[in-house]
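Notes to accompany the following structure.
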Amino acid sequence: MISLPHYLTVGAVLFVLGLIGFLTRRNLIVMFLSAELMLQGVALNFVAFSRAHGNLHGQVFALFIIAVAACEAGIALAMFLMLYRKKRSLDISLWQALRDPGLEETRDLVPLPAEPKEEPLPVLSVSGIEPARKERDHA
Amino acid sequence: MSLDVVLFTAIASAIAFSALAVVFSRNIVRSALWLLFTLIGVSLLYFLLGAEFVGATQLIVYVGGTMVLVVFGVMLTAQQQFLKIRIRPQEWLVAGILASALFVLLVTTSFHLGEGKNSPPAEPMPGSGPLGVGFLTQYLLPFEIISVHLLVVLIGAAYLARAKRRPGGNRD
Numbered sequence: 051m052i053s054l055p056h057y058l059t060v061g062a063v064l065f066v067l068g069l070i071g072f073l074t075r076r077n078l079i080v081m082f083l084s085a086e087l088m089l090q091g092v093a094l095n096f097v098a099f100s101r102a103h104g105n106l107h108g109q110v111f112a113l114f115i116i117a118v119a120a121c122e123a124g125i126a127l128a129m130f131l132m133l134y135r136k137k138r139s140l141d142i143s144l145w146q147a148l149r150d151p152g153l154e155e156t157r158d159l160v161p162l163p164a165e166p167k168e169e170p171l172p173v174l175s176v177s178g179i180e181p182a183r184k185e186r187d188h189a
Numbered sequence: 189m190s191l192d193v194v195l196f197t198a199i200a201s202a203i204a205f206s207a208l209a210v211v212f213s214r215n216i217v218r219s220a221l222w223l224l225f226t227l228i229g230v231s232l233l234y235f236l237l238g239a240e241f242v243g244a245t246q247l248i249v250y251v252g253g254t255m256v257l258v259v260f261g262v263m264l265t266a267q268q269q270f271l272k273i274r275i276r277p278q279e280w281l282v283a284g285i286l287a288s289a290l291f292v293l294l295v296t297t298s299f300h301l302g303e304g305k306n307s308p309p310a311e312p313m314p315g316s317g318p319l320g321v322g323f324l325t326q327y328l329l330p331f332e333i334i335s336v337h338l339l340v341v342l343i344g345a346a347y348l349a350r351a352k353r354r355p356g357g358n359r360d
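One line per chain: the protein sequences are A and B, in this order.
According to my numbering, the residues represented by the first sequence are 51 to 189, in order.
According to my numbering, the residues represented by the second sequence are 189 to 360, in order.
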């Protein structure tokens, strides 16, 4: 019989995987997706508790979580777009201006490999002399 | 084995697999796509729990709206080749230890929570009717607050993402 602890376990799996992703990844968008995973785990817990207690509070909480997550997605993606326009990258280590005063900037111990330069697209060379155009009268 | 158990097992394993794929996939577009499957699985679990309204809202708002927004964001920003940032094994180690400790704590707590009181089979969840009445009576204030919040976010997101005009005339 499926009961409350099974649903709570699924919620815990979602939350823990989101936590791993949030701690290990450094791309802003992947961190955002991991945060969404964590929110999903919490919302699932709320609905499971709502079922166990037989009342509405958990469902209402889950609906508010969904609404707040939609807001968060909108504002976060607008901010990512703005940050990307400024530095052409989504690496979070480029954005450390809000750290504590007197704290050293975190740097990579092993520098990242250089981004491969894009080769310019091949252009066909001009071939030969342009043939003279004759005026034709189509009369 | 009842239908309930079979459905729950199938949906839960699908959710766990796609959540793993979200976290461990190297390509951002792919992990956004796997998140879509996770969200669909969670909404199916809501249906299985008897919370039809929450499940339908999840499908409409998340799968229909938020994921489209996320995919647009990915496509607008991730066209560079250098999508993959390498992760050092120490970071995996720290995150893995922390996460597994938290997981063990959560699971033991929840099973301990369930075993104590032999809870009676809960009556079917109140449907969407009581939910709507609740939103207009008991939860009226948070409902209004969140509607104003949505409006503020709409204006703020449009302000942040707008195309800024430079004095020179070129648009950024």
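We put the beta carbon where it would ideally sit given N, CA and C, even for glycine.
Source: prediction; values computed, not measured.
Within 8 Å of any Cβ in chain A, is that where the Cβ of residue i sits?
i	result
L328(B)	no
I362(B)	The requested residue 362(B) does not occur in the structure, where chain B is confined to residues 189 to 360.
L338(B)	yes
G238(B)	yes
L264(B)	yes
V251(B)	no
V193(B)	yes
E279(B)	yes
G320(B)	no
V259(B)	no
F299(B)	yes
L223(B)	yes
L294(B)	yes
T325(B)	no
G317(B)	no
L247(B)	no
F235(B)	no
Using a beta-carbon distance below 8 Å, is residue i in contact with chain B?
i	result
L144(A)	no
L140(A)	yes
L131(A)	yes
L148(A)	no
L127(A)	yes
Taking 6 Å as the limit between beta carbons, can you name the residues of its chain near residue i, skipping five residues before and five after?
i	result
F270(B)	Low confidence applies to F270(B): its pLDDT is 49, below 50, so where it sits in the model is not reliable enough to give any reading.
V259(B)	A220
M132(A)	none
I285(B)	none
A207(B)	T226
A209(B)	W222
R157(A)	none
F111(A)	F96
G61(A)	G91, L94, N95
Is residue i helix, strand or coil by DSSP?
i	result
D158(A)	coil
N77(A)	strand
D150(A)	coil
Q269(B)	Its pLDDT being 48, under 50, Q269(B) is placed unreliably by the model, and nothing is read from it.
Under a Cβ-count criterion, where at least 16 other Cβ atoms within 10 Å of its own Cβ denotes burial, should residue i be classed as buried or exposed?
i	result
Q326(B)	exposed
I248(B)	exposed
I333(B)	exposed
T226(B)	buried
Q246(B)	buried
Y347(B)	exposed
Q90(A)	buried
M255(B)	buried
G320(B)	exposed
I203(B)	buried
V211(B)	buried
L232(B)	buried
L174(A)	exposed
P181(A)	exposed
Within the same chain, show all residues whose beta-carbon is closer than 8 Å to that of residue i, passing over the 5 residues directly before and after it, in chain order.
i	result
G315(B)	E240, F241
Q109(A)	F96, V97, S100
M313(B)	L237, G238, A239
L2(A)	There is no way to answer for residue 2(A), as the model of chain A reaches only from 51 to 189.
L58(A)	N95, A98
M81(A)	G71, F72, R75, I142
L144(A)	K137
E154(A)	none
So, for residue i: in the same chain, excluding its five sequence neighbours on each side, which residues have a beta-carbon less than 7 Å away from its beta-carbon?
i	result
I343(B)	none
F323(B)	F331
Checklist entry - What are the residues of the segment 72-106 of chain A that lie near chain B, defined by any Cβ-Cβ distance shorter than 8 Å? => result Listed in sequence order: L73, T74, R75, R76, N77, I79, V80, F82, L83, S84, E86, L87, Q90, A93, L94, V97, A98, S100, R101, A102, H103, G104, N105, L106.
Item to check | Short-range partners of chain B found in the segment 53-71 of chain A, where Cβ spacing is below 9 Å | outcome: Going along the segment 53-71 of chain A in chain order, one finds S53, L54, P55, H56, Y57, L58, T59, V60, G61, A62, V63, L64, F65, V66, L67, G68, L69, I70, G71 with a Cβ nearer than 9 Å to chain B.
Checklist entry - Using a beta-carbon distance cut-off of less than 9 Å, what residues from the segment 109-124 of chain A approach chain B? => result Q109, V110, A112, L113, F114, I116, A117, V118, A119, A120, C121, E122, A123, G124
Item to check | Near-chain A residues of the segment 200-213 of chain B - C-beta to any C-beta below 7 Å | outcome: The segment 200-213 of chain B vs chain A, Cβ under 7 Å: A200, I203, A204, A207, L208, V210, V211.
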